[in-house]
Amino acid sequence: MTTTEEATSAASQQMQENLAKIEALTQRLVEALSHKRAPNPALEGPGLDLYLNAGAALVKEWADKPSKILEAQVNYWGQAMKHYVEASHALSQGQFKPPADTGPKDRRFSNPLWDTHPYFNFIKQQYMISSKAIEDAVDALEDLDPVDRKRIDYFAHQIIDMMAPTNFLATNPDALERAVATEGESLVKGLENLVRDVELNNGNLVVTLADRDAFKVGQNIGTAEGSVVYRNRLFELIQYKPTTETVHKTPLIIFPPWINKFYILDLKPANSLIRWIVDQGFTLFVVSWKNPDASYADVGMDTYVEEGYLTAIEQVKAITKEKKINAVGYCIAGTTLSLTLALMEKRKDRSINSATFFTTLTDFSDQGEFTTFLQDDFVNGIEAQCKRDGVLSSYFMTRTFSYLRANDLIYQPAIRSYMMGEAPPAFDLLYWNGDSTNLPGKMAIEYLRGLCQQDKFAAKGFEVLGETVKLSDVKVPLCAIACETDHIAPWIASFNGIAQMGSADKTFLLSESGHIAGIVNPPSKQKYGHYTSTAPIHNPNEWKAEATYNKGSWWPHWGEWLAARSGRMVPAREPGDAAHPVLAPAPGLYVNEVVRV
725 MTTTEEATSA
735 ASQQMQENLA
745 KIEALTQRLV
755 EALSHKRAPN
765 PALEGPGLDL
775 YLNAGAALVK
785 EWADKPSKIL
795 EAQVNYWGQA
805 MKHYVEASHA
815 LSQGQFKPPA
825 DTGPKDRRFS
835 NPLWDTHPYF
845 NFIKQQYMIS
855 SKAIEDAVDA
865 LEDLDPVDRK
875 RIDYFAHQII
885 DMMAPTNFLA
895 TNPDALERAV
905 ATEGESLVKG
915 LENLVRDVEL
925 NNGNLVVTLA
935 DRDAFKVGQN
945 IGTAEGSVVY
955 RNRLFELIQY
965 KPTTETVHKT
975 PLIIFPPWIN
985 KFYILDLKPA
995 NSLIRWIVDQ
1005 GFTLFVVSWK
1015 NPDASYADVG
1025 MDTYVEEGYL
1035 TAIEQVKAIT
1045 KEKKINAVGY
1055 CIAGTTLSLT
1065 LALMEKRKDR
1075 SINSATFFTT
1085 LTDFSDQGEF
1095 TTFLQDDFVN
1105 GIEAQCKRDG
1115 VLSSYFMTRT
1125 FSYLRANDLI
1135 YQPAIRSYMM
1145 GEAPPAFDLL
1155 YWNGDSTNLP
1165 GKMAIEYLRG
1175 LCQQDKFAAK
1185 GFEVLGETVK
1195 LSDVKVPLCA
1205 IACETDHIAP
1215 WIASFNGIAQ
1225 MGSADKTFLL
1235 SESGHIAGIV
1245 NPPSKQKYGH
1255 YTSTAPIHNP
1265 NEWKAEATYN
1275 KGSWWPHWGE
1285 WLAARSGRMV
1295 PAREPGDAAH
1305 PVLAPAPGLY
1315 VNEVVRV
């Protein structure tokens, strides 16, 4: 047998083996899909009202301005047909190249074949023409409610993103080239990745963003030294070991959001905010929230305030023997910290010396990119799901946040994993992003209805433990950090909430970048700068117009602000005391619990 024949035989054998693997994997996939959760139609798409409103606007457009509709249609068909004719003409001339491509560049189409190969270029250009036509059609609709317009625009772009030719094997040159080069092995590995994800999520497809085996919380991430010194059904309280001989007298507690795990603040030593705070001479406590199951169905906002915030504050005071402490709330935890501070003001409880808010929304009059999901059709669906499951599953939370950045968090990772057969990257931030938690059903609905939809805290008042509290009731000295490109908590909306608080002492810092990178921004990296301003905290645009840009992280600026409100230096405190023995080393037990619904 010749060398060529041997190579052909080996390739044929490999192909047969791959086909056998595909058959076995397909059987596993079918079995895994049989366990898929019962669909909730209200969470799979918008309600009928949105379709009716969009249809009515289009019919009215036809009736009032038929020429406008016809012009748009003629323009679309004209562009599509012109490109088809040009492509056909180029091929008829024996030129295996596409016509001139003057369209906008898109990073999804980075493979040179999208520009040089007639087939792929034709598909790309037709897709771009069709996408522009859809966008123009939506923009042209008149007499639409602003909320409906925002939602229609969102769903139109979801369709545009989903139908990109890069998302399909037959029209993705990268995937086809990889399949040929590997004798189909890449497709087998891709199917293995797909089956793994479906099996891991009980029949539901959630793309794995990071290598799940590359990280272990407490071993190579979340490793700052400390101890769990208190535990109840809602949280573990971690006190971190001091790294300085003396510390500021007033201790600090951080309340992280409970839709993800707290170790975003302690991913690696080089970018750990927790380590940095301890190194600055602060006695630091961090709350690690419980990942709830169905038994937490009746846990509401009152419970989080009473058994979470107020209890944690009292435990820190008891351990440190201090009457006042400083507090930090991140994202949703900052919102609830604001409610707690307003309640404490009503009760004349002066336990909080100062408060810091990271990317916190308290005024929801502008719902930003979440407008799509905060209307009654979706919230009614969430409420029904919570009644069925007892909790709002992390599956729905993950999916919602992912679709706000579908190309980055769904389609591109899916292409790499399922079409290219690549293993997920060992990326700590993406690992954390996928380590989300459930929310108690009652609390989730109270938050969505009372705060997000009805904006009670900024308007007529939100009831907490029998008291009606408002933003103006927050009166402690405060510092707020928002992020310039934050799509979850837009900085202007964050600013507007802070502006309504009753504090006489307010500081606002604006970091570059987004919801995570803008906060986890260590000084050593010199990556993102921040803005400071002496302008009154009344109007966000005026504040920004007078702001000064500062290179580097906001951490040192905030550290100085916090130090000025943390008292004199005292001997460093070791974790716990006689009444608070060490229950477990940091990062504790709750952070590694997995509760699937």
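Residue numbers for the sequence shown follow the working numbering, so the first one is 725 and each next one is one higher. Glycine included, C-beta positions come from ideal geometry on N, C-alpha and C. No experiment lies behind these values; they were computed from the predicted model shown.
{"Asked": "Candidates I793, P842, P828 and K829: closest to A811 by CA position", "Found": "P842"}
{"Asked": "C-alpha gap between I983 and Y1033, whole angstroms", "Found": "16 Å"}
{"Asked": "Exposed unless 16 or more other CB atoms sit within 10 angstroms - verdict on M852", "Found": "buried"}
{"Asked": "Buried/exposed call for P1295, threshold 16 Cβ in 10 Å", "Found": "exposed"}
{"Asked": "Beta-carbon gap between Y775 and A857 smaller than 8 Å", "Found": "no"}
{"Asked": "Start and end residues, alpha helix (DSSP H) containing I1076", "Found": "Unbroken run through I1076 is the beta strand (DSSP E), I1076 to F1082; no alpha helix (DSSP H)."}
{"Asked": "Length-filtered (3 minimum) beta strand (DSSP E) runs lying within the segment 1008–1032", "Found": "1008–1013"}
{"Asked": "Candidates G942, F979 and T974, of which the one nearest L958 by Cα", "Found": "F979"}
{"Asked": "Pairwise C-alpha distance: L1153 and T715", "Found": "Since the first residue of the chain shown is 725 and the last is 1321, residue 715 is not available in this structure."}
{"Asked": "Y1314 vs E949 beta-carbon contact at 8 Å", "Found": "no"}
{"Asked": "Residues bridged to E960 (per DSSP)", "Found": "R955 and S1012"}
{"Asked": "Beta carbon of L893 nearer than 8 Å to that of L753", "Found": "no"}
{"Asked": "Cβ neighbours of T970 in the same chain (closer than 7 Å, five flanking residues each side left out)", "Found": "G1005, M1293, V1294, P1295 and A1296"}
{"Asked": "Touch test, the segment 1097–1116 against the segment 1227–1245, Cβ-Cβ under 8 Å, three pairs minimum", "Found": "no"}
{"Asked": "Which listed residue (G769, K1184, G802 and E866) has its alpha carbon closest to that of T1196", "Found": "This sequence places Ser at residue 1196; Thr is not what is there. Nearest of G769, K1184, G802 and E866 to S1196, Cα basis: K1184."}
{"Asked": "Beta-carbon spacing of G1221, D1087 below 8 Å", "Found": "yes"}
{"Asked": "Beta-carbon proximity check, L837 vs F846, cutoff 8 Å", "Found": "no"}
{"Asked": "For L1172, three-class secondary structure by DSSP", "Found": "helix"}
{"Asked": "Option in W1285, T1258 and A1287 with minimal Cα separation from Y1273", "Found": "T1258"}
{"Asked": "Stretch pair the segment 1271–1290 + the segment 921–933: three plus CB contacts closer than 8 Å", "Found": "no"}
{"Asked": "Nearest to P1280 (by Cα), restricted to the options N1265, G1291, Q1250 and E1266", "Found": "Q1250"}
{"Asked": "A1241 versus S1218, H1211, A824 and R1320, residue with shortest Cα-Cα distance", "Found": "H1211"}
{"Asked": "Every unbroken alpha helix (DSSP H) inside the segment 1094–1163 [4 residues or more]", "Found": "1100–1113, 1118–1127 and 1152–1157"}
{"Asked": "I1037 and S1075 closer than 8 Å at C-beta", "Found": "yes"}
{"Asked": "Cβ-Cβ distance between R1289 and P1149 below 8 Å", "Found": "no"}
{"Asked": "Own chain residues within Cβ distance below 6 Å of P1137, not counting five before or after", "Found": "V931 and L933"}
{"Asked": "Cβ contact (3+ pairs, closer than 8 Å) linking the segment 1116–1133 and the segment 1153–1169", "Found": "yes"}
{"Asked": "Opposing strand residues paired with Y1054 [DSSP bridges]", "Found": "F1082"}
{"Asked": "Neighbourhood of S791 by C-beta, 8 Å cutoff - its chain only, sequence neighbours within 5 removed", "Found": "none"}
{"Asked": "Reduced DSSP category for N925 - H, G, I as helix; E, B as strand; rest coil", "Found": "coil"}
{"Asked": "Nearest neighbour of Y954, chosen from A1308, R1320, N1316 and V1319 [CA to CA]", "Found": "A1308"}
{"Asked": "Start-to-end residues for the alpha helix (DSSP H) that takes in S1218", "Found": "W1215 to Q1224"}
{"Asked": "Counted within 10 angstroms of its Cβ, other Cβ atoms place W786 as buried (16 or more) or exposed", "Found": "exposed"}
{"Asked": "Through-space distance from Q1099 to L1386, alpha-carbon basis", "Found": "Any question about residue 1386 goes unanswered here, given that the chain covers just 725 to 1321."}
{"Asked": "Helix, strand or coil at E1284 according to DSSP, with G and I counted as helix", "Found": "helix"}
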